[in-house]
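Numbering (this note's numbering), first residue to last: 94 to 278.
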């Protein structure tokens, strides 16, 4: 939760949370900074939880079912797109990043917190070994995707990026990258 608090509060303007899940990030949005909130998630059960979390915080939210590869939003609709532990799980990461670019306004911001490939050779070796099984039991979560590089390949500039092991988490599951990427003009 502490890592979420380093990312989500930077959301501003018209915000889309891709993979909003059960609304776990709602507590970290700052009402004075967020003009409107939209969420997208493929799970009907989690959508109901996310709507309830938004309502409990008094957030008027447009929360929809759908996938990141085909977002039901207009071009340039959002100032900020937030993903937390989403890009590690999507079927087609490049397509999702292209959609994020499409729905962001020029100069828009993507805030991310994602599992990624660990830099330590021993940990990375275990990530590669565990990943085939982990994807099946962990909601298609890939432990070895290079997140910042994927943003750069998709035409974003990664302005700020940090990475660390999550505390109290076994290292093969705990390497995360978080930061800010902007749509290049």
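The C-beta atom is built at its ideal place from N, Cα and C for all residues, glycine as well.
These figures come from a predicted structure and were not determined experimentally.
Once the 5 residues before and after residue i are set aside, which same chain residues still bring their CB inside 6 Å of it?
i: residue 274; result: 203, 244, 249 and 251
Verify the contact flag: residue i, CB atom, against every heavy atom of the ligand MG, threshold strictly below 8 Å.
i: residue 242; result: The ligand MG is absent from the structure shown, which contains no ligands of any kind.
Sorted by chain position, which residues of the same chain lie with C-beta nearer than 8 Å to residue i's C-beta, five sequence neighbours on each side aside?
i: residue 145; result: 116
Select from the options the residue whose C-alpha is nearest the C-alpha of residue i.
i: residue 177; options: 171, 277, 134 and 263; result: 134
i: residue 107; options: 120, 119, 127 and 165; result: 127
i: residue 217; options: 238, 172 and 159; result: 238
i: residue 247; options: 109, 160, 169 and 186; result: 186
i: residue 229; options: 267, 184 and 195; result: 184
i: residue 151; options: 165, 122 and 158; result: 122
i: residue 139; options: 205, 114 and 96; result: 114
i: residue 215; options: 263, 143, 141 and 130; result: 263
List the DSSP bridge partners of residue i.
i: residue 258; result: 268
i: residue 205; result: 176 and 272
i: residue 171; result: 197
i: residue 107; result: 129
So residue i and residue j are supposed to be a Cβ contact under 8 Å. How far apart are they, rounded?
i: residue 208; j: residue 224; result: Wrong, their Cβ atoms sit about 10 Å apart, outside the cutoff.
i: residue 171; j: residue 201; result: 6 Å
i: residue 112; j: residue 179; result: 3 Å
i: residue 206; j: residue 271; result: 4 Å
i: residue 169; j: residue 192; result: Not confirmed; about 12 Å, so no contact.
To the nearest angstrom, how far is the alpha carbon of residue i from that of residue j?
i: residue 163; j: residue 196; result: 11 Å
i: residue 167; j: residue 259; result: 35 Å
i: residue 109; j: residue 268; result: 25 Å
i: residue 136; j: residue 155; result: 15 Å
i: residue 147; j: residue 158; result: 15 Å
i: residue 120; j: residue 96; result: 13 Å
Going by beta carbon distance, what residues of the same chain come within less than 7 Å of residue i, once the five residues before and after it are set aside?
i: residue 220; result: 210, 211, 236, 237 and 265
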